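In this note's numbering, the protein residues as written are 1305 to 1676. Taking it in order: structure first as structure tokens, then the write-up.
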């Protein structure tokens, strides 16, 4: 199934309302945007132009890779433009037959000095660069997974579950005893099972470091799974799409503050997942979790979750911010990840990936709190 032309057509159908003739997407060092892959299949390092009629032009760094992976109407090597994005812009407008005076939609993250250089290189065009443009439209499209993407998520979730099972066994048997043991096991296991990479730097924080939301460095040679609470947060990338899960490992008698934190996180997780479904405001879920913690005088210092996809953090947002107006819809794949942290007791977090369906939800991954 080649979904790319249909995706480009859906995007192009939004151009008329803003009078846009062509939109550029940029996936380069410093300005990564996986929308290039979403609309073309090309994995990285390229400029992608989509015209109002749905025509596409890819300007990749690696033409050999593009020949193998890209599904576009035309490809021109970036080297043909002396590796200049401004010359590439002029060439793309000519190649696509974009009339002078037409509106060209740049990514909203384009730095102002670059915007000026685009204007100088192509003075006969009207460049747009701001919020509400094609980049934001694409982010909204990517938030709702199609049938092919959901199938990928079922596969990567299955692999992620298997790796979690192996890690639990390895820690319990004493085969994985340090943070590095766990993190490096993941690196090997994912590739043996056909995955591309980790979705982000694996966080393996033993009891001495689990008090941090995201431990720095993300893993060390320190003990993992010893007395107290250890956190493991990782994701696996399969065909470009990443999972995102967090396990907490608890060893020895749990009482007092640690026990209370664990019970609260489990309660928050269960209630949050149960609230998921089409038409539900994601902020309402986050506010419920906030209330659960507040009842016991705890505060969660991060959002409840986020969308996942070609990036580890995508739309929709799952947080309690006043400007969060996201409503869950079928096809959203989100994380639910309540967590609590204390400088002395350590941290506990539980995270799984959840698919929003027509009738409710489906938990795709099966992370848990592991008692050693």
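Ideal Cβ placement from N, Cα and C applies to all residues, glycine included. Model, not experiment: these values are computed from the prediction.
Assigned exposure category for residue i - 16 Cβ within 10 Å defines buried
i            : result
residue 1306 : exposed
residue 1566 : buried
residue 1411 : buried
residue 1386 : exposed
residue 1317 : exposed
residue 1510 : buried
residue 1544 : buried
residue 1586 : buried
residue 1420 : exposed
residue 1346 : buried
residue 1339 : buried
residue 1657 : buried
residue 1676 : exposed
residue 1416 : exposed
residue 1574 : exposed
Residue i versus residue j: straight-line alpha-carbon distance, rounded
i            : j            : result
residue 1662 : residue 1481 : 43 angstroms
residue 1434 : residue 1322 : 12 angstroms
residue 1311 : residue 1326 : 15 angstroms
residue 1672 : residue 1488 : 21 angstroms
residue 1588 : residue 1539 : 26 angstroms
residue 1531 : residue 1553 : 9 angstroms
residue 1349 : residue 1438 : 19 angstroms
residue 1669 : residue 1609 : 14 angstroms
residue 1613 : residue 1651 : 26 angstroms
residue 1571 : residue 1597 : 10 angstroms
residue 1464 : residue 1615 : 16 angstroms
residue 1620 : residue 1648 : 34 angstroms
residue 1478 : residue 1576 : 34 angstroms
residue 1459 : residue 1542 : 8 angstroms
residue 1425 : residue 1418 : 10 angstroms
residue 1328 : residue 1352 : 6 angstroms
residue 1364 : residue 1333 : 13 angstroms
residue 1468 : residue 1500 : 17 angstroms
residue 1354 : residue 1640 : 34 angstroms
residue 1513 : residue 1534 : 8 angstroms
residue 1604 : residue 1330 : 35 angstroms
residue 1466 : residue 1473 : 11 angstroms
Close Cβ partners of residue i (< 6 angstroms) along its chain, the five nearest in sequence each way excluded
i            : result
residue 1492 : none
residue 1399 : 1361
residue 1666 : 1659
residue 1494 : 1540
residue 1497 : 1463
residue 1628 : 1587, 1621
residue 1525 : 1482, 1484
Residue closest to residue i, alpha-carbon to alpha-carbon, out of the options
i            : options                : result
residue 1519 : 1529, 1364, 1505, 1541 : 1505
residue 1624 : 1563, 1616, 1606, 1617 : 1606
residue 1548 : 1653, 1647, 1403       : 1653
residue 1581 : 1622, 1626, 1502, 1559 : 1622
residue 1336 : 1525, 1617, 1375, 1429 : 1617
residue 1453 : 1558, 1341, 1644, 1383 : 1341
residue 1527 : 1503, 1604, 1475       : 1475
Own chain residues within Cβ distance below 8 angstroms of residue i, not counting five before or after
i            : result
residue 1471 : 1480, 1486, 1489, 1490, 1536, 1551
residue 1403 : 1325
residue 1600 : 1564, 1568
residue 1371 : 1379
Sequence-distant residues of its chain with Cβ nearer than 7 angstroms to residue i (five each side left out)
i            : result
residue 1422 : 1390, 1393, 1410, 1431
residue 1357 : 1316
residue 1556 : 1531
residue 1375 : 1306, 1308, 1344, 1345
Given 8 angstroms as the limit, is there contact between the stretch 1629-1646 and the stretch 1435-1449, that is, 3 or more CB pairs closer than that?
yes
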